[in-house]
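Per the numbering used here, the sequence shown starts with residue 9, numbered consecutively. Each residue gets a CB set at the ideal place from its N, CA and C atoms; glycine is no exception.
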Amino acid sequence: MRLLRLQQQAIGKGNRAMYAVIRTGGKQYRVNKDDVIAVERLDGEAGDKVKFDDILLVGEAGKEPKIGTPTVSGASVSAEVIGQDRADKITVVKFKRRKNYHRTKGHQQHQTFVRITDISAKAAAKKAAPKKAEASEE
């Protein structure tokens with residue numbers, strides 16, 4: 009519920025033209041500037057800056073996206089930690105019929121809320137291949 013409120017506050021803010029696909033915590037997220045996302049737990053307190061360097065794709069409205077192989081070199085996404093929390097509780101039930109076997113266990117995943125502050129697509133310029141020296145004629 010808290011994430012939903014934070015996302016509603018972010019609607020209509022900033023430029024939605026540039027986007028990126030980042031990978032953190034074994035998951036991939038498509039993010040825009042000023043988006044609020046919940047990711048797997050990261051170290052840091054509220055107000056700390058976080059930089060994601062594992063960028064899989066960077067795109068801009070009306071332009072061809074830059075797709076990494078496997079990542080886009082030189083691209084980064086900056087974010088600000090909003091807070092730490094735990095996700096909704098899930099219940100795991102194990103049951104075997106006619107064996108009097110019932111087990112119930114709960115789990116809550118730790119998560120970090122971050123607000124995307126900047127998307128940088130400064131891909132490293134490819135160096136031109138050096139020209140081969142022409143064979144000298146004798």
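>> If the criterion is Cβ atoms closer than 8 Å, does the pair V29 and E53 meet it?
In response: Taking 8 Å as the Cβ cut-off, V29 and E53 do not qualify as a contacting pair.
> So does the region 79-88 actually touch the region 102-118, counting three or more Cβ pairs closer than 8 Å?
Replying inline: Result no; under three Cβ-Cβ pairs closer than 8 Å.
>> Please report the distance separating the alpha-carbon of K107 from that of V101.
In response: Whole-angstrom Cα-Cα distance: 15 Å.
> How long is the line joining the alpha carbons of G91 and F121, rounded to whole angstroms?
Replying inline: Distance between the alpha carbons of G91 and F121: 5 Å.
> Based on the DSSP secondary-structure assignment, which residues constitute the bridge partners of A28?
Replying inline: V39 and V66.
> For K74, which residues from the same chain have a beta carbon less than 8 Å from its beta carbon, with the 5 sequence-adjacent residues on both sides left out?
Replying inline: If we look at K74 and ignore the five residues flanking it on each side, its Cβ neighbours are L65, V66, G67, V80, A83, A129 and A131.
> In three-state terms, what does DSSP make of A83?
Replying inline: Coil.
> So F60 and V44 are in contact, right, with Cβ under 8 Å, and what is the actual spacing, rounded?
Replying inline: About 14 Å; that fails the 8 Å criterion.
>> According to DSSP, G52 sits in a beta bridge with which residue or residues?
In response: Here G52 is not bridged, per DSSP, to any residue.
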